Amino acid sequence: MAAPSTNISEAESRVMEVLWRKSPQSSEEIVAALQRESDWHEKTIRTLLSRLLGKGAASAEKDGRRYLYSPTITREQWQSQESRSLLDRVFGGRLGPLLAHFSEHEKLSAKDVTELRKLLESIEKKAR
Numbered sequence: 001m002a003a004p005s006t007n008i009s010e011a012e013s014r015v016m017e018v019l020w021r022k023s024p025q026s027s028e029e030i031v032a033a034l035q036r037e038s039d040w041h042e043k044t045i046r047t048l049l050s051r052l053l054g055k056g057a058a059s060a061e062k063d064g065r066r067y068l069y070s071p072t073i074t075r076e077q078w079q080s081q082e083s084r085s086l087l088d089r090v091f092g093g094r095l096g097p098l099l100a101h102f103s104e105h106e107k108l109s110a111k112d113v114t115e116l117r118k119l120l121e122s123i124e125k126k127a128r
């Protein structure tokens, strides 16, 4: 698996999304998938893929005359890293101020509030 502090840019995360949906994939398959979703050039996509290999977020395995690429970090691991980074950088590592910000500046639906209540109840039960 990739190092816990692997920083994946927004553009690189789009390549990772393709790999998380299906892997392993050849670079040609990755390029085709991303060109359907964006106006990126093949060279841009290959550069992003190369960066992900360098960061250890993806791996390549030789398959005849081509390479097949796979993620080495799960979507869940990446989400955990990104959410922790956001909390630390913007909210001093505290979840309360983040939730307060969203409650004051974003519209929380009734469904969102219900889900938050259930989550808090679950956390309280575990703490007992």
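Residue numbering for the sequence shown follows full-length UniProt numbering, starting at 1 and increasing by one per position. From the three backbone atoms N, C-alpha and C, an ideal C-beta is built for every residue, glycine too. Please read these numbers as outputs of a predicted model, since none were measured by experiment.
Can you tell me the Cβ-Cβ gap for residue 6 and residue 60, rounded? I've got them flagged as a contact below 8 angstroms.
With 8 angstroms as the limit, residue 6 and residue 60 do not qualify as a contact, their Cβ atoms being about 16 angstroms apart.
Quick check on residue 30: buried or exposed, where buried means 16 or more other Cβ atoms within 10 Å of its Cβ?
Classification for residue 30: buried.
Using the Cα positions of residue 102 and residue 86, report the straight-line distance between them to the nearest angstrom.
Distance between the alpha carbons of residue 102 and residue 86: 14 angstroms.
If you drop the 5 nearest sequence neighbours on each side, which residues of the same chain put their C-beta closer than 7 angstroms to that of residue 98?
Cβ within range, chain order: 87, 91.
Exposed or buried, which one is residue 123 when buried takes at least 16 other CB atoms within 10 Å?
Its Cβ having fewer than 16 others within 10 Å, residue 123 is exposed.
Please report how far the alpha carbon of residue 125 lies from the alpha carbon of residue 115, in whole angstroms.
So the alpha carbons of these two residues sit roughly 15 angstroms apart.
To the nearest whole angstrom, what separates the beta carbons of residue 12 and residue 48, a pair I think is in contact under 8 angstroms?
Residue 12 to residue 48, Cβ: 5 angstroms. Contact.
Within the continuous beta strand (DSSP E) that includes residue 55, where are the two ends?
Premise fails: residue 55 lies in the alpha helix (DSSP H), 42-55, not in any beta strand (DSSP E).
Give me the Cβ distance between residue 68 and residue 38, rounded to the nearest whole Å; I'm assuming they're in contact under 8 angstroms.
With 8 angstroms as the limit, residue 68 and residue 38 do not qualify as a contact, their Cβ atoms being about 22 angstroms apart.
Going by beta carbon distance, what residues of the same chain come within less than 7 angstroms of residue 93, once the five residues before and after it are set aside?
These residues qualify, in order along the chain: 87.
Grab me the residues of residue 55's own chain with a C-beta within less than 6 angstroms of its C-beta, minus the 5 sequence neighbours each way, in chain order.
Correct list, in chain order: 6.
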